[in-house]
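First the structure, in the form of structure tokens, and then the observations on it.
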């Protein structure tokens, strides 16, 4: 069993320590965002033990939403009763005014933090250009409550955070620059960040539960992972018992589940699973440019999940 | 000399045949877009002989602008007296509602066409997902006046248009799908498109004047090129005299100028040149994540231009 003190130390360092879900965004048939289903899924994820909700991430199809849509969904979610302190919305856009607006709104709503993607259109960005992007954001928001988590996902954004850039940002905005989501999939990178900046003043979340145990052992804060949308409870269990004897066995089970999800397109697969488990086919809809699973892909996936005895308890009643 | 009939045939096929500038977007010192300078530059470019203005392209830092900012700049430009039939604004965003809004506004304003970038966040998009993106856009805009130019710039958007996808789009929306800007830099690709779909029902614009003469000889419509912002007149001259004896010599001169621009970051270099030629230093400002030239880069560039006798006639008075 894990010593209480390890968990307590983690929690004292980071209000988000644990497992966060980058929440799927459900759409209505006309592809408008569906606040009701969204809020229901958020409540279910918190009931599963998620320490936070990274709404408007890559898995959320956030960049397929307009700024107004993100703004309305966030306001609606908070109005529905979800604790804003548990929210780490994605607010990083290509256009600075968009990032400033969404970040301001998140801070005003009481969100515990924001996860900020770098601008992702131009390629080969300089550290100077990235520094200015974040500096302008922090200065324009101008609120001491702001907590920025850097979103490092170079395979998607084509721009990444070098240790030198993070050092400069931390020097300019200590406390405000609160951590990173490292979705590079390269734990060597996470480890360098932990050794250089963490764990006391800089939270490192890995972007896949495959690296959860390694990250916790190295002093990291947890993970923010797509699959938490359907498999959060076992991930949370590993987080809570990471010092226990069966931690490696738990990790192996998480890996096996993830491997199944990664056989197909991840977002469409997760939406298929929620649709299937909730009996609510509307969950299947994705916005272009993504496409839902084919019937054959969907059948193969759900058959395999049934064979493994997979369930999402409490989802139908949530 | 070119036979009048060749130019006439091109003009009859394509209202934009010629040289288009993806217009630089000037900013004020607080990084707000500067409509006055923008409209002045647009008028100057038309006076240089540009057949159209591809405002809000890559060179325009369009993805660093919010949708509201693009909307206001377009409305302001038309209100300032620029002929909307000459405008081909970029309206393709990652989020479908944004693309629909900007495209609708462009059609309502009387723009001759729109240049539509594919969504550029998700990678490895399927042709089905891209088809749906453009189909939803065309259907939602629902206006027979719409003319869509596909924006093929895979090195930046990380998504491209296969011949099969273009075939499907042309089949579904003939007339509305009007052409392509091929910024791949690979003329073999442009040639395949011309042979498959052009030149009568599908305009092929190359994305660099390096390929202008090749494109015209193969039946293409012209080019849409960043450097037109500062060097349009010689490009227009080549377009008009492409069948003349000195066409290759003209092309070589264009290539030499472009090589100079490509020594540094293109957008910052072009803004430096406009700032220098107009005596208006405000032109240097770029939005993060881009950065302006260093003093050393700027001095080297302008010294080399002076050595070559480069000028932008009429710019100061425009």
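Chains as they are written, first to last, in this note's numbering: chain A, 2 to 319; chain B, 2 to 319. Where is the CB? At the ideal position from N, CA and C, for every residue including glycine. Just so you know, these numbers come straight off a predicted model, no measurement behind them.
When beta bridges are read from the DSSP output, residue 264 of chain A appears opposite no residue. When the five nearest sequence neighbours on each side are left out, the beta carbons in the same chain lying within less than 7 Å of the beta carbon of residue 93 of chain B are those of 100, 117, 118, 119, 152, in order along the chain.
Only residues of its own chain outside the window of five on either side were considered, and among them 258 have a CB closer than 6 Å to the CB of residue 232 of chain B, listed in chain order. Residue-level contact by beta carbon holds for residue 121 of chain A and chain B, with a gap shorter than 8 Å. For residue 206 of chain B, the enclosing beta strand (DSSP E) starts and ends at 204-207.
Under DSSP, the beta-bridge partners assigned to residue 150 of chain A are A:116, A:180. Closer than 9 Å at the C-beta level to chain B, one finds no residue of the segment 221-244 of chain A.
Within the segment 26-94 of chain A, not a single complete beta strand (DSSP E) segment reaches 3 residues in length. In this structure the segment 8-26 of chain A touches the segment 56-71 of chain A; the number of beta carbon pairs closer than 8 Å is three or more. Around the beta carbon of residue 42 of chain B, a 10 Å sphere encloses 16 or more other beta carbons of the protein chains shown; the residue is thus reported as buried.
Along the segment 88-109 of chain A, the positions whose C-beta sits under 9 Å from a C-beta of chain B are 94, 95, 96, 97, 98, 99, 102, read in chain order.
Residue burial is scored here from C-beta neighbours: residue 11 of chain B has at least 16 other C-beta atoms within 10 angstroms and is therefore classed as buried. Along the segment 125-148 of chain A, the positions whose C-beta sits under 7 Å from a C-beta of chain B are 126, 127, 129, 130, 131, 133, 134, 137, read in chain order. When Cβ pairs closer than 8 Å are counted between the two stretches, the segment 170-188 of chain A is seen to touch the segment 198-218 of chain A, the count reaching three or more. With contacts defined as CB atoms closer than 8 Å, residue 108 of chain A and residue 147 of chain A qualify as a contacting pair. With a threshold of 8 Å between beta carbons, residue 16 of chain B makes no contact with chain A. For residue 22 of chain A, the enclosing beta strand (DSSP E) begins and ends at 19-22.
Residue pairing from DSSP leaves residue 274 of chain B without any beta-bridge partner. According to DSSP, residue 223 of chain A shares a beta bridge with A:19, A:206. Here residue 316 of chain A carries a coil assignment [DSSP, helix/strand/coil].
About 6 Å separates the CB atoms of residue 28 of chain A and residue 288 of chain A; that is less than 8 Å, so the two are in contact. Residue contact check for residue 67 of chain A against chain B: a CB pair falls below 8 Å. Under a criterion of Cβ atoms nearer than 8 Å, the residues of chain A adjacent to residue 292 of chain B are, in order, 127, 129, 130, 133.
Between residue 122 of chain A and residue 64 of chain B, the C-beta spacing is below 8 Å.
By a beta-carbon distance limit of 8 Å, residue 14 of chain B does not contact residue 53 of chain B. Their separation comes to about 14 Å.
By the Cβ criterion, the segment 253-269 of chain B is in contact with the segment 294-308 of chain B, since at least three pairs of Cβ atoms, one from each stretch, lie closer than 8 Å. For residue 62 of chain B, same chain residues with a beta-carbon under 6 Å away, outside a window of 5 residues either side, are 26, 288 in chain order. Of all residues in the segment 15-39 of chain B, those with a C-beta nearer than 8 Å to a C-beta of chain A are 32, reading in chain order. Residue burial is scored here from C-beta neighbours: residue 243 of chain B has at least 16 other C-beta atoms within 10 angstroms and is therefore classed as buried.
For residue 163 of chain B, there is no enclosing alpha helix (DSSP H), since its DSSP letter is neither H nor E.
Pairing residue 46 of chain A with residue 90 of chain A, the inter-Cα distance amounts to about 15 Å.
One thing to note: residue 290 of chain A has its Cβ no nearer than 8 Å to the Cβ of residue 161 of chain B.
For the C-beta of residue 64 of chain A, the chain B residues within less than 7 Å are, from N- to C-terminus, 95, 96, 122.
Put simply, the backbone Cα of residue 135 of chain B is about 28 Å away from that of residue 34 of chain B. At least one CB atom of chain B sits nearer than 8 Å to the CB of residue 288 of chain A.
Here residue 312 of chain B is exposed. Its C-beta has fewer than 16 other C-beta atoms within 10 Å.
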